[in-house]
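Before any comments, here is the structure.
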Amino acid sequence: MLITCPYCGPRDVIEYTYQGDGNRERPDPASQNFEAWNAYVYDRLNPAGDHNEIWQHSGGCRAHLRVVRNTLTHEISSVAFASGDHHAPAARRKAEDKP
Amino acid sequence: MAEYSALSLLANALKGNKDWKPAWRKPDPKASYDVIIIGGGGHGLSTAYYLAKEHGITNVAVLEKGWLGSGNVGRNTTAVRSNYLLPANTRFYEHSMKLWENLSHELNYNVMFSQRGCLNLAHTPAQFDDYARRGNAMRHLGVDAELMTPAEIKRLIPALDISGDARFPVIGGLMQRRAGTARHDAVAWGYARGADRRGVDIIENCEVTGFLRDGDRISGVTTSRGDIRARKVAVAVAGSTGRVMQMAGVETMPIESHVLQAFVTESLKPFIDTVVTFGMGHFYMSQSDKGGLVYGGDIDGYNSYAQRGNLPIVDEVMSEMLALFPGLGRVRMLRSWGGVCDMSMDGSPIITTGPLPGMYLNCGWCYGGFKATPASGWCFAWTIAKDQPHEFNAPFTLDRFHRGLVIDDKGQGANPRLH
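This is how it looks when you write it as structure tokens:
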């Protein structure tokens, strides 16, 4: 299985660490909403088909990635930075080139 | 009257083996049953068997999407043991062990249960202490366990690299002598025949496509062979739990489906006569009666419904095998395959009434469901028949996560890929 890291390009799955289901929403750390914490910790969609999940390129650039992968075929349809704040290197250079 | 005996073997041999009755019928589904069991694997079949035998409920259908025993009951590495730490697990798996010990006789079907022992190797003093603790916990509840020294281990498994030069030197081990292996297909076939002879309909190639409802209550299933109604619908589908529960409108479960690979080598002369596990990684191996070494390791570690895995785990399992048995370097691997495991959030199973009215649920076996087959069916049948759990499966509820009563034998937390 190859995962194409936006920074590093296509790399073998052994370079990555699986961080699990990317659909879960972590409640605010101060939250005392028991149900929300319970859902975050224990409940999983576990779909047979496209799965929204988090991988870390731990053996490479260490970026956290949001990957959409098919759990029936292992086919990967999209890879993006887990945080929307990141930009791909090319885009960042372009921004820096501006006077 | 036993169907298989020395006399019946002889009589049928003389007649050219043409008169054997099929082990189970191929009935068409009826319009309704008292109980429908979804999933014709080991657990579904043993549930049907004990429903009929222990509780007299024989108007039962087992619905299997593929052919009987095509899932994990025919894909596991056949180890049977009850060497757990936590009392809930120990009691349940020891009950299973006791059922295993009489299973061939009970079913009149040779499941080739071989109590060849299961040895967990320790490679650090801390690990050895941990095994001593687990062994004491087991003995406290009446389960056999003994600590072994490297010299004793060397006598038991001469091929094991027990030298101080090994990458991870062996400093001792925890042995359960009553543990062992069984012929996995025979378990499915034996339970199937036993259930069939008591009147259970085993319906293969019958895929459940949805649930019928009567108000809030589950009142049957829609299948590729038509609608079937039932007072009680039991789900025992292991790795497919998420898919089946979604059909019933249960969106999330404390379960992730992961793929576990297993391997077998070409046949060798007798090499090891026990089940051995590696303590510095995840590796277990035994030798089948046919001579092949049957072994496996960790799950691949990401959600998967594909019954095939990836190469990194193959590489890791082979490395661990060679760390223990350098002499196997030139042995050829014959086959590898994968099965889909229902990894629960604490590594322990779920056998319960609900979660919907009219429904009963059996899942969360992680990759250890084979050894549980008899007790799982026995407890699930009890739960279905009496609408309440037996004391053996009372801790294995679905809401234990919600209530903070997790049974986390390995202490890994809510991280299914690490259990």
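Line by line, the protein sequences give chains V and Z. For the first sequence, my numbering begins at 138 and goes up steadily by one. For the second sequence, my numbering begins at 8 and goes up steadily by one. We put the CB at the ideal spot given by N, CA and C, even for glycine.
Using a Cβ-Cβ cutoff of less than 8 Å, which residues in the same chain neighbour residue i once the five nearest sequence positions on both sides are dropped?
i	result
residue 160 (chain Z)	126, 128, 167, 169, 177, 179 and 180
residue 254 (chain Z)	215, 216, 217 and 218
residue 15 (chain Z)	9
residue 228 (chain V)	Residue placement at residue 228 (chain V) is flagged as unreliable, the pLDDT there being 44, under the threshold of 50; the coordinate-derived value follows with that caveat. Hits under 8 Å: none found.
residue 233 (chain V)	Any reading at residue 233 (chain V) needs caution, since the residue's pLDDT is 48, under 50, leaving its predicted position unreliable; the model's value is listed next. Correct list: empty, nothing qualifies.
What does a CB cutoff of less than 6 Å around residue i pick up in its chain, not counting 5 residues either side in sequence?
i	result
residue 93 (chain Z)	414 and 416
residue 196 (chain V)	152
residue 315 (chain Z)	345
residue 246 (chain Z)	264, 347, 348 and 349
residue 109 (chain Z)	none
residue 190 (chain Z)	118 and 119
Can you check DSSP and say which residues form a bridge with residue i?
i	result
residue 147 (chain V)	V:141
residue 198 (chain V)	Looking at the DSSP assignment, residue 198 (chain V) forms no beta bridge with any residue, so it has no partner.
residue 114 (chain Z)	Beta-bridge pairing links residue 114 (chain Z) to no other residue.
residue 301 (chain Z)	Z:271 and Z:293
residue 153 (chain Z)	Z:182
residue 213 (chain V)	V:206
residue 237 (chain Z)	Z:40
residue 85 (chain Z)	None, per the DSSP bridge assignment.
residue 350 (chain Z)	Z:263
residue 188 (chain V)	V:206
residue 458 (chain Z)	Residue 458 (chain Z) is absent from the structure shown; chain Z starts at 8 and stops at 426.
residue 68 (chain Z)	Z:43 and Z:208
Just to confirm my understanding: we take residue i, look at its own chain, exclude 5 residues before and 5 after, and list those with CB closer than 7 Å. What are they?
i	result
residue 82 (chain Z)	269, 344 and 346
residue 229 (chain Z)	216, 217 and 219
residue 151 (chain Z)	183, 184 and 185
residue 260 (chain Z)	248, 249 and 252
residue 27 (chain Z)	19
Buried or exposed for residue i, going by 16 or more other Cβ atoms inside 10 Å?
i	result
residue 210 (chain V)	exposed
residue 383 (chain Z)	buried
residue 239 (chain Z)	buried
residue 267 (chain Z)	buried
residue 231 (chain V)	For residue 231 (chain V), the pLDDT reaches just 47, beneath the cut-off of 50, and the residue's location in the model is therefore unreliable, although a value from the coordinates is still provided. Its Cβ having fewer than 16 others within 10 Å, residue 231 (chain V) is exposed.
residue 310 (chain Z)	buried
residue 98 (chain Z)	buried
residue 273 (chain Z)	exposed
residue 208 (chain V)	buried
residue 121 (chain Z)	buried
residue 165 (chain V)	exposed
residue 241 (chain Z)	buried
residue 399 (chain Z)	buried
Please compile the residues from chain Z whose C-beta is within a distance smaller than 8 Å of the C-beta of residue i.
i	result
residue 180 (chain V)	259, 260 and 261
residue 155 (chain V)	308, 309 and 424
residue 151 (chain V)	319
With respect to 6 Å, is the separation between the Cβ of residue i and the closest non-hydrogen atom of the ligand NAD below this value?
i	result
residue 104 (chain Z)	In the structure shown, the ligand NAD is absent, as is every other ligand, since no ligand is present at all.
In chain V, which residues lie less than 7 Å from residue i when you measure between Cβ atoms?
i	result
residue 409 (chain Z)	175
residue 243 (chain Z)	Within 7 Å Cβ-Cβ: nothing; residue 243 (chain Z) doesn't reach chain V, min ~17 Å.
residue 421 (chain Z)	178 and 179
At a CB-CB cut-off below 7 Å, which residues of chain Z make contact with residue i?
i	result
residue 209 (chain V)	312 and 313
residue 183 (chain V)	249, 260, 262, 263, 264 and 310
For residue i, return the contacting residues in chain Z, with the cut-off set at a CB-CB distance below 9 Å.
i	result
residue 190 (chain V)	309 and 310
Self-check item: Cβ pair count under 8 Å reaching 3, the stretch 372–389 of chain Z against the stretch 50–60 of chain Z
Solution: yes
Quiz item: Using 8 Å as the Cβ pair cut-off and three pairs as the minimum, do the stretch 282–298 of chain Z and the stretch 361–378 of chain Z touch?
Solution: Below 8 Å, too few C-beta pairs join the stretch 282–298 of chain Z and the stretch 361–378 of chain Z to call them touching: fewer than three.
Practice problem: Check each residue of the stretch 341–355 of chain Z: if its Cβ is closer than 7 Å to any Cβ of chain C, include it; give the result in chain order. | Solution: Of the protein chains in this structure, namely V and Z, none is chain C.
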